[in-house]
Amino acid sequence: MNYNMKTAYRELKNLGYILFASILFAIAISLFFDPNHIAPGGLSGIAILIHYFVPIKTGTIIFLLNVPLLFLGFRKLGSRFLIYTLLTTVLASTMMNITANLPPITQDRLLASVAGGALFASSIALVFRIGATSGGMDIVVKLIHLKHPHIHTGKIFLLLDMMVVVLSIFVFDNVESGLYAAIAVYVSSLVMDFILYGSDEAKLIFVISSKEQEISHYLLNELKVGVTILSGKGAYANTPHNILMCALKKQFLPTAIHHIKSIDNHTFMIVTSASEIFGEGFKP
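One point on numbering: in numbering that gives the first Met the number 0, the residue at position 203 of the sequence shown is 202, and numbering is uninterrupted.
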């Protein structure tokens, strides 16, 4: 596959992500949050509050609110960002206006908070992963994250969203609306961090093998994980040997073990859990 084909494939895949994310976003807003008077924070929550007073569809309100923020994002984040985000905003707003004509999936506000929060976060995380946003507060969060990359995206959303949640109590004149919105925001924060960063737990492996160069080459070039070589000495035979130490995300562990054993079936390997790892490829 040449460079142009790879680029075209990547762009096509990104468009697929945007379309899927827009559908999830529309379902979360139109079929879970809006009909149950749950304002999940951010610009979407503000649009739901405005829709409570104005007979304009929530999707249209979200699009109109996004216009000035899109220009702000363009100045700071570039044309590619603007194209992807504008496409996401248009698709999501259109999907919301279409799905607004459908009956709500549930009128149980707790279920709406949890399910809507999970779908809402999934949609935002998907477009974040391709370097865009769904517009609104996502742009603000993206700008904050550029300046303070050590702060998890979900935590920034949580702070901004809680402001809208408190406002929703007064708009709907209902404390329960605010409580359900808070549940939705909390679920969104958890789901978003999980999708963007994965579980905090990782695996740490120590490998002793006569084929250390081949194993090290596989881990570095095939699995794309870092390897540290430690010097060791066997206490019984008093012979020196190198120990490979490698930290990797737990979903890569089965593949790593399989390939290491295929290189050297007599490898001595220790696998342990690491509750937190900071650095490149893990937490910043």
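Where is the CB? At the ideal position from N, CA and C, for every residue including glycine.
- Using a 10 angstroms sphere on the CB of Arg-9, the tally of other CB atoms stays under 16, which defines it as exposed.
- In the displayed model, Thr-88 falls within a helix according to three-state DSSP.
- By the Cβ-count criterion, Tyr-235 is exposed, with fewer than 16 other Cβ atoms from all chains shown falling within 10 Å of its own Cβ.
- According to the DSSP secondary-structure assignment, Met-268 is paired through a beta bridge with Val-206.
- Note on Val-226: 16 or more other CB atoms within 10 angstroms of its CB, so buried under the neighbour-count rule.
- Under DSSP, His-240 takes part in a beta bridge, and its partners are Gly-231.
- Pro-102 and Thr-6 have their C-alpha atoms some 40 angstroms from each other.
- Residue environment analysis places Asn-35 among the buried positions, since at least 16 neighbouring C-beta atoms fall within 10 angstroms of its C-beta.
- Excluding five sequence positions before and after Ala-120, the CB atoms of its chain that fall closer than 6 angstroms to its own CB belong to Ser-187, Val-190, Met-191, given in chain order.
- A contact between stretches requires three or more CB pairs, one per stretch, nearer than 8 angstroms, and the region 21-31 meets this requirement with the region 83-94.
- If you look at His-216, you'll find it in the alpha helix (DSSP H) that goes 211-216.
- In this structure, the straight-line span from the alpha carbon of Ser-209 to that of Met-244 is close to 15 angstroms.
- By the neighbour-count criterion, in which 16 or more other beta carbons inside 10 Å mark a residue as buried, Phe-169 falls on the exposed side.
- Rounded to the nearest whole angstrom, the CA to CA distance from Thr-271 to Leu-252 is 11 angstroms.
- Of the residues assessed, Arg-128 falls on the exposed side of the cut-off, its CB having fewer than 16 other CB atoms within 10 angstroms.
- In the structure shown, Ala-38 adopts coil according to DSSP, grouped into three states.
- Beyond the five residues adjoining it in sequence on each side, Val-113 comes within less than 8 angstroms, by CB distance, of Ile-182, Ala-183, Val-186 in the same chain, given in chain order.
- Residue state for Leu-247 is assigned as strand, using DSSP reduced to three classes.
- The C-alpha of Ile-242 lies about 10 angstroms from the C-alpha of Met-268.
- A straight-line Cα-Cα distance of about 22 angstroms links Leu-125 and Phe-70.
- Counting only the Cα atoms, Glu-221 lies some 56 angstroms from Phe-52.
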